[in-house]
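If you count by our numbering, then the sequence shown holds residues 1350 to 1613, one letter each, in order. C-beta: ideal position from N, C-alpha, C; glycine also. Quick notes on the structure that follows.
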Amino acid sequence: MTYGISDLSIIPVRKEPTEKSEMVSQILFGEHFEITETTEKWSKIRLAFDQYEGWVDSKMITNIDEELFNKLNKDFPVVANDTFNLVFQEADYSNKLIVPGSSFPFCDLEKKTFFLADKLYHYQGVVSSNGKKPEELRNSLIESALKYFNAPYLWGGRTPYGIDCSGLSQIVYKLNGICLPRDASQQVKEGEVLTFVEEALPGDLAFFDNEEGQITHVGIIWDRHKIIHASGKVRIDNVDHIGIFNVDTQQYSHKLRVIKRIIP
């Protein structure tokens, strides 16, 4: 088994080992992974953060050894929190613009430095902090979600430049020290079921299904009647026991299946 880490802002993760294949997710700066299979130009990876699998261009990988991979697995990462974040190496004049949710391994908060592979980086901006009380955490989840307001919908996206519905919920929770699976069909298995929409609190997750009963959409409850979700763009719509009521079309767009509470 070999291992890697991303020192690029974004690495596309594809369903099949070809540029023409759909993008199913993205690896953000500082996220590490196992390499489970290789071809001449492509590597199949399993992301350590959420165990998501897919194919990436091998040229985009920075290799690391097993010892470093295991060290990276020990703690929840320090995470870039600003909408725009700059990182740079001390002996390098090139800056890298990275997105919220990027990871800063072995971060020194006082010096504002971190190590990625064997390289010392400096960072500008704000990083996430853990240990919030539940009420503070709920408010922080909403603040994080609103940073993505009007971000365009992008299948497989996890950034303000393009994001899908489950990418939004996953990254918003990552910004607040909580790990969620990648897809809505996986996220729905987490947390505690709420019986009524009126019980929902800010930060709870609402899941929606199709005619076959498959979970196809997720959104973040703002209050008992508002939801933040990615549909065309990250937007705010009304929600009730039937589903999401689109404020622009004045029609229901998604059928509610269940609401889950992730924060105890």
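A Cβ-Cβ distance of about 15 Å is found for the pair Gln1536 and Leu1543, leaving them out of contact under the 8 Å criterion. In the DSSP assignment, Ile1491 falls within the unbroken alpha helix (DSSP H) covering Pro1483 to Leu1495. If you look at Ala1466, you'll find it isn't in any beta strand (DSSP E); DSSP assigns it neither H nor E. Between the beta-carbon of Ser1477 and that of Leu1517 there is about 16 Å, and that puts the pair past the 8 Å contact cut. For Gln1535, the three-state secondary structure derived from DSSP is helix. Runs of the alpha helix (DSSP H) lying entirely within the region 1527-1602, each at least 4 residues long, are 1533-1536 in chain order. Per DSSP, the beta bridge partners of Val1428 are Ser1452.
Under the DSSP assignment, Lys1445 falls outside any alpha helix (DSSP H), being part of the beta strand (DSSP E) whose first and last residues are Asn1444 to Ile1447. The region 1503-1514 makes no contact with the region 1455-1466, as fewer than three CB pairs between them are under 8 Å. Listed in chain order, the non-local C-beta contacts of Asp1414 below 8 Å within the same chain comprise Tyr1352, local neighbours out to five positions each way being set aside. Separation of Lys1423 and Thr1598 (C-alpha to C-alpha, rounded to the nearest whole angstrom) is 47 Å. By the neighbour-count criterion, in which a residue is buried when 16 or more other Cβ atoms sit within 10 angstroms of its Cβ, Glu1561 is exposed. In terms of Cα proximity to Glu1365, the closest of Phe1382, Leu1357 and Lys1390 is Lys1390. Under DSSP, the beta-bridge partners assigned to Pro1361 are Gln1375. Residue environment for Gly1581: exposed (fewer than 16 other C-beta atoms within 10 angstroms of its C-beta).
Under the DSSP assignment, Phe1418 falls in the alpha helix (DSSP H) whose first and last residues are Glu1415 to Leu1421.
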